[in-house]
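Worksheet: the structure to be examined is printed underneath.
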Amino acid sequence: MSYVIRDLSTYADMLAVHELQRNIWGQNDPMFALYPPLMNTAAKNGGVVLGAFDKRSDQLVGFLFSFLGREGKGPFKLCSQIVGVLPKWRGKGIAEALKRVQREEAIIQELPLITWTFDPLEGPNAHLNIHKLRAVSRTYWCNVYGSNFGKLNAGLPTDRLVAEWWINGKHLFSAAANIDNAAPIFETTGKSNQKRIVKIHVELTVDTLLLEGVADIQALKAADPSLAMDWRLKVRLAFETYFNSGYVAVDFISRVDPESGVRTNRYVLRKLTPVLARQIGMIS
Ligand SMILES: CC(C)(COP(=O)(O)OP(=O)(O)OC[C@H]1O[C@@H](n2cnc3c(N)ncnc32)[C@H](O)[C@@H]1OP(=O)(O)O)[C@@H](O)C(=O)NCCC(=O)NCCS
């Protein structure tokens with residue numbers, strides 16, 4: 043299963059993206075779908091719209107849509123609205139490849155930053171964004187789209203982390219975070235889909251913290267919706283607490299136990315010092 047990434051620029055391309063997005067998100071309400079003329083205009087005005095195509099059939103199997111933006115007096119940047127890959131094409135590095143081409147195109151436009159949001163409980167997204175791409179996050183938004191937002195989001199408030207990808211920062215090329223002296227924010231009990239948080243430490247002050255997420259939020263929602271909600275609310279509290287005290291999420295560690303096959307997902311948070319901000323590329 044090999045693929046090729048191409049820039050999308052025609053209206054026919056945007057209609058194909060619209061269709062693919064509806065397939066991936068399962069949203070039948072047209073209100074939720076991307077509006078093809080808007081994507082078309084964005085693509086012609088500094089936005090980056092990319093497609094991943096099956097090399098054999100030339101079918102569109104993944105896409106990315108971003109537009110030019112600016113927050114207050116911050117730098118001009120790419121706002122990445124959405125990235126999606128058909129289920130049977132996932133785990134093959136397609137989303138990563140789309141993001142890397144997006145970065146190259148932002149560099150050509152001399153933009154220092156790409157931002158987007160993602161659900162902090164979605165392991166594949168966090169692993170891709172915070173570990174593989176080395177984006178960071180210091181902002182948490184609660185229930186951005188309400189709780190009736192397509193089947194992937196069903197059942198939980200649509201909380202989002204804001205990913206900041208400072209594309210010229212040294213952090214992008216640095217080694218994985220050292221977690222030898224890191225303090226876990228949660229104490230948990232149980233395993234797999236029965237794992238629950240029994241205590242939250244909200245007054246830690248050490249340099250590096252570990253914030254555990256769930257292994258597979260879609261499976262947990264199906265197995266135990268109230269436990270999924272418990273994770274949502276406690277993960278929200280932990281992020282809000284530590285972002286307010288000046289921490290930033292700099293890495294995400296996902297480990298699968300070779301014997302049990304059980305996955306553990308943890309964010310690594312570090313105190314945001316001027317040295318770290320410079321290394322990330324937030325300040326020069
Ligand atoms: C998020 C999404 C775009 C990722 O696409 P993808 O092509 O599978 O991504 P990649 O293969 O580049 O990277 C995913 C990584 O997550 C890992 N992963 C898979 N399941 C995981 C889990 N439960 N927990 C942690 N990491 C996981 C994969 O192994 C892979 O890492 P690796 O390359 O080190 O093995 C895709 O899952 C998707 O379309 N999801 C639905 C739509 C969505 O949520 N879009 C993002 C918000 S707009």
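Residue numbering for the sequence shown follows the working numbering, starting at 43 and increasing by one per position.
Every residue gets a Cβ at the ideal spot worked out from N, C-alpha and C, and that includes glycine.
What you are looking at is a predicted structure, and each value in this text was computed from that prediction instead of being measured.
No Cβ-Cβ contact shorter than 8 Å links A224 with V125. Straight across, the Cα-Cα distance linking Y187 with P199 is about 8 Å. The C-beta of S99 has fewer than 16 other C-beta atoms within 10 Å across all chains shown, which makes the residue exposed. Going by DSSP, S122 is part of the beta strand (DSSP E) stretching over F118 to V127. Residue pairing by DSSP puts I156 in a beta bridge opposite L120 and W207.
The beta-bridge partner set that DSSP reports for F294 consists of Y309.
Counting only unbroken stretches of 3 or more residues, the beta strand (DSSP E) elements lying wholly within the segment 173 to 238 are 178 to 183, 202 to 208 and 228 to 231, in sequence order. Checking the 7 Å criterion, the Cβ of H60 is out of range of every heavy atom belonging to ligand 1. Taking every protein chain shown into account, the CB of S179 has 16 or more other CB atoms within 10 angstroms, so this residue is buried. Ligand 1 has no heavy atom closer than 7 Å to the beta-carbon of V143. By the Cβ neighbour-count rule, F281 is buried, with 16 or more other Cβ atoms within 10 Å of its own.
In this structure, R305 lies away from D201, with their beta-carbon atoms at least 8 Å apart.
The criterion of a C-beta distance shorter than 8 Å is not satisfied by V90 and V59.
Counting only runs of 3+ residues, no beta strand (DSSP E) is found wholly inside the segment 262 to 291. Of the heavy atoms belonging to ligand 1, none sits nearer than 7 Å to the Cβ of L246. In the DSSP assignment, A94 falls within the unbroken beta strand (DSSP E) covering V90 to D96. Closest option to A261, judged by alpha-carbon separation, among P300, G165, T181 and P78: G165. By the Cβ neighbour-count rule, S302 is exposed, with fewer than 16 other Cβ atoms within 10 Å of its own. By the CB criterion at 8 Å, T250 and I221 fall inside the cutoff.
Three or more Cβ pairs closer than 8 Å define a contact, and the segment 260 to 274 falls short of that threshold against the segment 210 to 221. Between N82 and Y53, the C-beta gap is smaller than 8 Å, which places the two residues in contact. Remark: the C-beta of I124 is in contact range of ligand 1, defined as less than 7 Å to any heavy atom. Between the alpha carbons of N185 and D161 lies a gap of roughly 10 Å. Here W158 has S122 and A205 as same chain residues with Cβ atoms under 6 Å from its own Cβ, once five neighbours each way along the sequence are excluded. Distances between the C-beta of K193 and the heavy atoms of ligand 1 are all 7 Å or more.
Assigned with DSSP and collapsed to three states, I242 falls in strand.
Using a 10 angstroms sphere on the CB of N167, the tally of other CB atoms reaches 16 or more, which defines it as buried.
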